[in-house]
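S.K.:
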Amino acid sequence: MIPTTVSSLGADGTGSPAAAVEARGWPFRTRLGPISLPPHRVRLWAVAVAVIGLVPIDTAYVNGGGDFQAFWAAGATVGTADLVDGARHAAWQTAHGVAVDYWRYPPGVAYAFVPVAHLPMWIGFVVQTILMLALVGVAGLLLARIFELSPSVTVLLAFAWAPASASIDIGQNAPLALVLALWVIDALRRDRDLEVGLAAGLLMYKPTLGVFLLGLLLLRCRWRALGVASCVCAGWYLLSVAASAGDWLWPVAWWTGMQPWLAPDFIHNADKAISLPGLLARLPGVPLWLPVGCGAAVILVALRGLARAPIVEAGCAACLLTMAAGPRVWGYEAGLMLPILAWSIAGGLSEPWRTRLIFLVIPLGLLWLVSLFTVVSGVALVVAAATAMWLWRWRPLGPNPLVAAAD
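What follows is the structure, encoded as structure tokens:
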């Protein structure tokens, strides 16, 4: 049975789901059947889950910073022809004892890593780790502001949801994308188009994570926000011209140079795939049109909800769809599940399902640690289930959940 949503969301779509939370300080039940769940015990469990999720950070440190080596090399070569040219970049990495990897971000993003590129690799990794951990905390505070929940709940949620800090363990930077996405949602809530466009444009530093929120702005006709985002994207282009040593046609060279790396990268990271297109693409002999078509079908079914839901819910759903229908999304980027989880806690799910499902989902986030052994990431199952539940809520030809709630 699909859990029902709470009945206190306003029919006009402007009400905060937090109004439905029975206990504003603690949004969960303190008992489920014979199981006692006092807040202090739940917090202790959440801290334990958060600590376990961060344990692998020592492996990245021992291995020279894991994926951080690619960012360090990009910061050291930005502004030269050694960044975008795949052969020259690989030669530079080999000469400096860095793992060979192609730079997959827009070239201008490499400027963000210039400061750490002047540091020894291990110090740069420590600096980034501290910054990313701080951003997870910022994400928790933004969740508290958006959903009117206690920061003691949302900050703990942010750290306990292991995928939010997973990228830190391997030298990646997904917490930055999470904070930018939450900034978009918060600015939409406050109807601040300038901030919406700025945050959405900055999120395009990783286009696979930013394009769905831009699509939401287009669907909801947020033209001023789209205009600002377009200006920021133009800034990324100009910055990338400088980053690629003045090459105005850098997108051609960048995309062409990336092609030989994409297939091996997907094979190497296949167990980390969490989106429907990514999971389907793993199957042998699957034609390209099938994963693409299935991802498009998910988006098509979601259009009703994205167009009609309260703007905060729609923003959270756009982040969820980024995970579910994106072409290339890994488990360590599933921090973008946090908005829909917080929405559920703040009243998107009614009790007792809110406590049951959240307490089930959070520990499942730890399964990203063993995806190499489970073959299919446990996070992919969470993403699929959450997407199915939200799509059912806004299914085509189904009742309007907001009108039903008002009745």
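Taking the numbering used here, the leading residue of the sequence shown gets -15, the next gets one more, and so forth.
Using N, Cα and C, we set each Cβ at its ideal position, and we do this for glycine too.
1) Could you round the C-beta distance between valine 163 and valine 122 to whole angstroms and report it? I think they count as a contact, below 8 Å.
2) Helix, strand or coil for serine 20? Go by DSSP, reduced to three states.
3) Mapping DSSP to helix, strand and coil, what is tryptophan 76?
4) Threshold first: 4 residues or longer. Then list the alpha helix (DSSP H) segments lying entirely within the region 258 to 296, N to C.
5) When DSSP labels each residue in this structure, what does arginine 25 get in the three-state scheme?
6) Would you mind sorting valine 367 into buried or exposed? The rule is 16 or more other CB atoms within 10 Å of its CB.
7) Going by beta carbon distance, what residues of the same chain come within less than 7 Å of alanine 254, once the five residues before and after it are set aside?
8) On the criterion of 16 or more Cβ atoms from any shown chain inside 10 Å, does leucine 375 qualify as buried, or is it exposed?
9) Identify every residue that forms a DSSP beta bridge with arginine 15.
10) With a threshold of 16 other CB atoms inside 10 Å of the CB of aspartate -4, please say whether the residue is buried or exposed.
11) Work out the CA separation of proline 90 and alanine 161 for me, nearest whole Å.
12) Can you give the Cα-Cα distance for leucine 350 and aspartate 153, rounded to whole angstroms?
13) Rounded to whole angstroms, what is the Cα-Cα separation between aspartate 85 and arginine 377?
14) Return the chain-ordered list of same chain residues with a C-beta closer than 6 Å to the C-beta of leucine 133, the five sequence neighbours on each side being excluded.
15) In the DSSP output, what is tryptophan 392 paired with across the bridge?
16) Based on the DSSP output, what are the partners of glutamate 314 in its beta bridges?
17) For cysteine 217 and alanine 209, I'd like the C-alpha separation in whole angstroms.
18) Sorted by chain position, which residues of the same chain lie with C-beta nearer than 8 Å to serine 355's C-beta, five sequence neighbours on each side aside?
19) Just verifying my parser: in three-state terms, what is the DSSP assignment at alanine 308?
20) Using only the alpha-carbon positions, how far apart do aspartate 51 and glycine 124 sit?
21) Per DSSP, what kind of secondary structure is arginine 176 in: helix, strand or coil?
22) Rounded to whole angstroms, what's the CA-CA distance from tryptophan 234 to proline 347? Just pull it up for me.
23) Drop a sphere of 10 angstroms on the beta-carbon of glycine 299, count the other beta-carbons inside from all chains shown, and report buried for 16 or more, exposed for fewer.
24) Looking only at C-alpha atoms, which of Leu325, Pro40, Gly279 and Glu179 sits nearest to phenylalanine 394?
25) In this structure, does DSSP put aspartate 417 in helix, strand or coil?
26) Kindly say whether tryptophan 232, judged by its beta-carbon, lies nearer than 8 Å to any beta-carbon of chain B.
27) Looking at alanine 58 and phenylalanine 97, is the spacing between their C-beta atoms short of 8 Å?
28) Classify proline 90 as helix, strand or coil using the three-state DSSP reduction.
29) Quick one: residues in its chain with C-beta nearer than 8 Å to the C-beta of proline 191, no 5 flanking neighbours on either side, listed in chain order?
30) What does a CB cutoff of less than 7 Å around valine 5 pick up in its chain, not counting 5 residues either side in sequence?
31) Should methionine 307 and alanine 318 be called a contact, given that it needs their Cβ atoms to be closer than 8 Å?
32) When the distance is taken between beta carbons, is leucine 127 closer than 8 Å to methionine 167?
33) Check this for me: beta carbons of alanine 142 and valine 33, under 8 Å apart or not?
34) So, using beta-carbon positions, are proline 248 and alanine 309 closer together than 8 Å?
35) Where does glycine 331 fall in DSSP's three states?
36) Name the two residues that bound the continuous alpha helix (DSSP H) containing valine 212.
M.R.: Looking at the coordinates:
1) Between the beta-carbon of valine 163 and that of valine 122 there is about 5 Å, and that keeps the pair under the 8 Å contact cut.
2) Strand at serine 20.
3) Under the three-state reduction of DSSP, tryptophan 76 is assigned to helix.
4) If we require 4 residues or more, the alpha helix (DSSP H) runs fully inside the region 258 to 296 come out as 260 to 265 and 273 to 292.
5) Helix, per DSSP.
6) Buried is the call here.
7) Excluding positions up to five away in sequence, the list reads Arg266.
8) Counting Cβ neighbours within 10 Å, leucine 375 comes out buried, since at least 16 surround it.
9) Paired residues: Ser20.
10) Because the pLDDT of aspartate -4 is 36, which lies under 50, any placement of that residue in the model is unreliable, and the question is left without a value.
11) Near 15 Å, if we compare the C-alpha coordinates of proline 90 and alanine 161.
12) Distance between leucine 350 and aspartate 153, taken at the CA atoms: about 13 Å.
13) Taking the CA atoms as reference points, aspartate 85 sits about 42 Å from arginine 377.
14) Same-chain partners within the cutoff: Ala330.
15) This structure does not reach residue 392, given that the chain is present from -15 up to 391, and the question cannot be answered.
16) Rather than glutamate, the amino acid found at residue 314 in this sequence is tryptophan. Ala257.
17) Cα to Cα, the separation comes out at about 12 Å.
18) Closer than 8 Å at Cβ, skipping near neighbours: Asp255, Lys256, Gly315, Ser361, Gly362 and Val363.
19) Three-state result, alanine 308: helix.
20) Approximately 25 Å between the Cα atoms of the pair.
21) Looking at arginine 176 - three-state DSSP - the assignment turns out to be coil, as it is neither helix nor strand.
22) The straight-line gap separating the alpha-carbon atoms of tryptophan 234 and proline 347 is approximately 43 Å.
23) Classification of glycine 299: buried, given that the 10 Å Cβ count is 16 or more.
24) No answer is possible for residue 394: it lies beyond the span of the chain, which begins at -15 and ends at 391.
25) Within the shown structure, residues of the chain are numbered from -15 to 391, placing residue 417 beyond reach of any answer.
26) In the displayed structure, chain B is absent; only one protein chain is listed.
27) Cβ distance < 8 Å, so phenylalanine 97 and alanine 58 count as in contact.
28) If DSSP states are grouped into helix, strand and coil, proline 90 belongs with coil.
29) Once the five neighbours on either side are set aside, the close Cβ partners of proline 191 are Pro90.
30) Confidence at valine 5 is low in this model, with a pLDDT of 44, below 50, so the placement of that residue should be treated as unreliable; the coordinate-derived value is given next. Only Pro11, Ala330 and Gly331 meet the Cβ criterion.
31) Their beta carbons are under 8 Å apart, which means methionine 307 touches alanine 318 by this criterion.
32) Residue identity differs from the one stated: residue 167 is tryptophan in this sequence, not methionine. Cβ atoms of tryptophan 167 and leucine 127: not closer than 8 Å.
33) No; because the gap between Cβ atoms is not below 8 Å, this pair is not in contact.
34) Not closer than 8 Å, so no.
35) Glycine 331 carries a helical assignment under DSSP once its states are collapsed to helix, strand and coil.
36) Segment 207 to 227, the alpha helix (DSSP H) holding valine 212.
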